[in-house]
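Participant:
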């Protein structure tokens, strides 16, 4: 496949990568930029492990082409973790949410979006927004951490 | 355990990273050494007083990277906030003292390592005390370890562990270190300490196998045959720019990125050699074979107690029922992957693995290198669930690296992962049981027909055709039974089967606790009261009573709600689960509450125990409600999460977990304990709600959520 130079802004830094422009953003982040905190789970937008913030909104990066993402500000889990940590991350640690941890980058970024849209979400709003898959079954703690972050 | 230390005990000191000193302590017991097992644990103390303690267990979410070091820290007397943890590298010196394997499974690590880890902690502490005594020129008896430091009791002078580590590492290791703590006096054991690995799992810095990046590595994907058991005949076409490698059971295909490799693997053309008969295997043909064995045998006895024929003849009432369970995939969040770098003189492997020592054997076999030339680097697993014991993905990466002469980072697509699993075996199980007029069980005749995992993986452990893993949870039952006969037969099929979180218990507890519920109904008794009367095991009764109290069993549920209850024993632990549900539609329900009471003996980290039970219940929920791998045309008809339901947040009610400690009880496992009783508790609640008995999994009584797209 023909490669071309694509410029994208990730965590405030501009990058130019030479890739097939149809490559999903997920794989540019992971394999071209070395930002491995964003995870591959399904490749079909069915699990949420690859969730990143694009222009501030949570998007699944596994089916968004790098070309489509190129003009926008992209935040990955690595970019959220400034000093001090984001309140959602602090709440995640306080509630000891992760088990294996694989889905948690996507979970956290989805929760960041939820709290941007709804300052104090109800249980029902959390259930509706948080459809990310966690095979370890950390859902109860995810819910508790979102409530905790909302109160922070 | 002190006698283990007194046999042969040696120390090695090596400068470690960060200017600290690595106090490497290893000891071996002659009895264990004779069995080929050595024990080894590292403690590193840095000048900044941070203490790094390694875990020999592989982390897949169960918290072993934290709980093993927590046991050492108890005796070492250090502030937990100063503790960093890490994974021990692989090697024969890290073999589990009980299983003699560096594998992580069977909920085994804490049970096997508890006492040796206390001894390691004590030995390390005594060396630091000796170093202080030497520095001050005073007797050891005048020195005492406190949190992270040693005090001179005559002068109140102190020296920190960080200041002492260098001297300590030069001292002889005590031959019989005194373990100071004991049950009832633990300071750190039993505390819900924060897991040191968790911050890295919130900022993207945790490195899973799939995140490994090695200089010069090539991204690669896999293409498996369309029928189980097939092998590569020939690779007939490879996309331009890609390379393909025949690895026997599949073809490895390269790409510029993993995604590019996925695409290239899809378009690579391969002709396959398909074993005769494999392409006609289907769920229904395998079920038919199993059903024939159920009816006619031959089978192998697994347990015989008394005369079950006489027991049945004496029964006032009987049940004669059959339960059916399908193949179930693992579906770990992290797909299978392995990074391998093979040269003429070395082999390095980075893989999310439950079987580090098995990887070493695989690498030796495939490369011809010696163990000393092979390095297995520990990395995190994004879930393991039993699947990551297997060697298929390890072998593929090794063979590809060898063929391509470069490091290879092999990642399976989700579709390849789903359709080339080693599934939880299907099973067909009958129970013919009888009760007397009081409801007491006079006879229990349970036949289990299921493809054997052990015959493939550990044939040497299969005696007379009996797979002891397949009957786990069906024998040595906690119930009073006048007579019992349990038998088993393997039903061969081309479908690969493997260990799946809680293995035999996940099959057999559904059968046991559903059938006990049927007997309760037959006797006209309340399901809780019936179990309480028929259980002979005090710990099983303890968790049953506790869960009944949690859910308020003595009070009737609200109108339109119903409850189910089940108890299970396995991995040295006991759990009872009670579930409440209400009708959602004519055929589906909403589960409104789950309560679990667990007795796992001594608890290292109660928060981890609670997390494992919460997670185990969710996993049990998924498999009971929807877990199924349909087979047709000799292949799994599963591709991805859009057609495979797993529990999502919107399906999962609040789970209350209570730890019920039996004083003095031996330490039990926890990673698998939460799963088995969920399926029967759900089916029993459904029976209570509807009067309909569900004897087949998946239950499909809850509407799944597939995500938001």
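Protein chains in written order, with the numbering used here: chain H, 14 to 165; chain Y, 29 to 737. For every residue, glycine included, the Cβ atom is placed at its ideal position computed from N, Cα and C.
When the Cα of residue 49 (chain H) is compared with those of Y:289, Y:362, Y:260 and Y:204, which residue comes out closest?
Facilitator: Comparing Cα-Cα distances from residue 49 (chain H) to each of Y:289, Y:362, Y:260 and Y:204, the minimum goes to Y:362.
Participant: If I measure Cβ to Cβ from residue 232 (chain Y) and keep anything under 8 Å in the same chain, skipping five residues before and after, which residues do I get?
Facilitator: Cβ within range, chain order: n/a, list empty.
Participant: Whole angstroms are fine: how far does the CA of residue 78 (chain H) sit from the CA of residue 245 (chain Y)?
Facilitator: Spanning the two alpha carbons is a distance of roughly 24 Å.
Participant: Taking the alpha helix (DSSP H) that residue 120 (chain H) falls in, what are its first and last residues?
Facilitator: That run of the alpha helix (DSSP H) goes 117-130.
Participant: With a cut-off of 8 Å on the beta carbons, I'd call residue 461 (chain Y) and residue 560 (chain Y) a contact; round off their distance for me.
Facilitator: So it is not a contact: roughly 18 Å between Cβ atoms.
Participant: Just the Cα atoms here: how many angstroms apart are residue 583 (chain Y) and residue 649 (chain Y)?
Facilitator: The alpha-carbon atoms of residue 583 (chain Y) and residue 649 (chain Y) are separated by roughly 25 Å.
Participant: Beta strand (DSSP E) containing residue 598 (chain Y): first to last residue?
Facilitator: First-last of the beta strand (DSSP E) with residue 598 (chain Y): 589-598.
Participant: Between the beta-carbon of residue 100 (chain H) and the beta-carbon of residue 165 (chain H), is there less than 7 Å?
Facilitator: Going by C-beta atoms, residue 100 (chain H) is nearer than 7 Å to residue 165 (chain H).
Participant: From Y:323, Y:251, Y:313 and Y:316, pick the residue whose C-alpha is nearest to that of residue 298 (chain Y); which is it?
Facilitator: Here the closest residue by C-alpha is Y:251.
Participant: Taking the alpha-carbon of residue 278 (chain Y) as reference, which of Y:101, Y:423 and Y:208 has the nearest alpha-carbon?
Facilitator: Residue Y:423 is the option with its Cα nearest to residue 278 (chain Y).
Participant: Within 10 angstroms of the Cβ of residue 682 (chain Y), are there 16 or more other Cβ atoms? Answer buried if so, exposed if not.
Facilitator: Residue 682 (chain Y) comes out exposed.
Participant: Within 10 angstroms of the Cβ of residue 520 (chain Y), are there 16 or more other Cβ atoms? Answer buried if so, exposed if not.
Facilitator: With fewer than 16 other Cβ atoms within 10 Å, it is exposed.
Participant: Using beta carbons (cut-off 7 Å, strictly below), is residue 737 (chain Y) in contact with chain H?
Facilitator: Per-residue confidence for residue 737 (chain Y) stands at a pLDDT of 49, beneath the threshold of 50, marking its modelled position as unreliable; the derived number appears in the next sentence. So, interface residue.
Participant: Taking residue 660 (chain Y) as the reference, which of Y:313, Y:184, Y:82 and Y:391 has the closest Cα?
Facilitator: Out of Y:313, Y:184, Y:82 and Y:391, Y:313 has the C-alpha closest to the C-alpha of residue 660 (chain Y).
Participant: Measuring only the C-alpha atoms, how far is residue 128 (chain Y) from residue 380 (chain Y)?
Facilitator: When rounded, the distance between both Cα atoms is 20 Å.
Participant: Under 8 Å by Cβ, that's how I've got residue 713 (chain Y) and residue 578 (chain Y) pegged, so tell me the actual separation to the nearest angstrom.
Facilitator: That belief does not hold up - the Cβ atoms of residue 713 (chain Y) and residue 578 (chain Y) are roughly 15 Å apart, past 8 Å.
Participant: By the three-class DSSP mapping on this structure, what secondary structure does residue 17 (chain H) have?
Facilitator: Residue state, collapsed to three classes: strand.
Participant: Using a C-beta to C-beta distance shorter than 8 Å, which residues of chain Y count as neighbours of residue 32 (chain H)?
Facilitator: Near residue 32 (chain H) (Cβ distances below 8 Å), the residues of chain Y are 284 and 285.
Participant: Which first and last residues belong to the alpha helix (DSSP H) in which residue 738 (chain Y) is found?
Facilitator: Since the first residue of chain Y shown is 29 and the last is 737, residue 738 (chain Y) is not available in this structure.
Participant: Taking residue 321 (chain Y) as the reference, give the member of Y:550, Y:694 and Y:476 with the closest Cα.
Facilitator: Residue 321 (chain Y) has its Cα closest to that of Y:476, out of Y:550, Y:694 and Y:476.
Participant: For a test of the three-state rule: what should DSSP assign to residue 444 (chain Y), helix, strand or coil?
Facilitator: Residue 444 (chain Y) falls in the helix class under three-state DSSP.
Participant: Is there a Cβ of chain Y sitting closer than 7 Å to that of residue 25 (chain H), yes or no?
Facilitator: Chain Y, which has no Cβ nearer than 7 Å to the Cβ of residue 25 (chain H), makes this no.
Participant: For residue 585 (chain Y) and residue 148 (chain Y), I'd like the C-alpha separation in whole angstroms.
Facilitator: About 51 Å.
Participant: Rounding to the nearest angstrom, what Cα-Cα distance links residue 191 (chain Y) and residue 157 (chain Y) in this structure?
Facilitator: Looking at the two C-alpha atoms, the distance is approximately 12 Å.
Participant: Can you check whether the C-beta of residue 117 (chain H) is within less than 7 Å of a C-beta belonging to chain Y?
Facilitator: Cβ-Cβ to chain Y under 7 Å: yes for residue 117 (chain H).
Participant: Run through DSSP, which three-state label would residue 79 (chain Y) get?
Facilitator: DSSP places residue 79 (chain Y) in strand when its eight states are reduced to three.
Participant: Pull up the DSSP beta-bridge partners for residue 294 (chain Y), would you.
Facilitator: Beta-bridge pairing links residue 294 (chain Y) to no other residue.
Participant: Do three or more CB pairs link the region 583-603 of chain Y to the region 697-710 of chain Y at distances below 8 Å?
Facilitator: Because the criterion of three Cβ pairs below 8 Å is met, the region 583-603 of chain Y and the region 697-710 of chain Y touch.
Participant: Relative to the C-alpha of residue 425 (chain Y), which candidate in Y:454, Y:504, Y:378 and Y:456 has its C-alpha closest?
Facilitator: Closest option to residue 425 (chain Y), Cα to Cα, is Y:378.
Participant: So does the region 496-509 of chain Y actually touch the region 357-371 of chain Y, counting three or more Cβ pairs closer than 8 Å?
Facilitator: Because the criterion of three Cβ pairs below 8 Å is not met, the region 496-509 of chain Y and the region 357-371 of chain Y do not touch.
Participant: Shorter than 7 Å from the beta carbon of residue 74 (chain H) to some beta carbon of chain Y?
Facilitator: So no, residue 74 (chain H) is outside the interface.
Participant: Could you tell me which residues DSSP puts in a beta bridge with residue 78 (chain H)?
Facilitator: Note: residue 78 (chain H) sits in a beta bridge opposite H:37.
Participant: Could you pull the start and end residues of the beta strand (DSSP E) that residue 351 (chain Y) belongs to?
Facilitator: Looking at the DSSP string, the run of the beta strand (DSSP E) that includes residue 351 (chain Y) is 345-353.
Participant: Touching or not, the region 335-352 of chain Y and the region 482-495 of chain Y, by the rule of three or more beta carbon pairs under 8 Å?
Facilitator: Touching, no.
Participant: Span of the alpha helix (DSSP H) holding residue 515 (chain Y)?
Facilitator: Not the alpha helix (DSSP H): residue 515 (chain Y) falls in the beta strand (DSSP E), residues 512-517.
Participant: Enumerate in chain order the residues of its own chain whose CB-to-CB distance from residue 54 (chain H) is below 6 Å, with the five nearest sequence positions on each side excluded.
Facilitator: Around residue 54 (chain H): 60 and 62.
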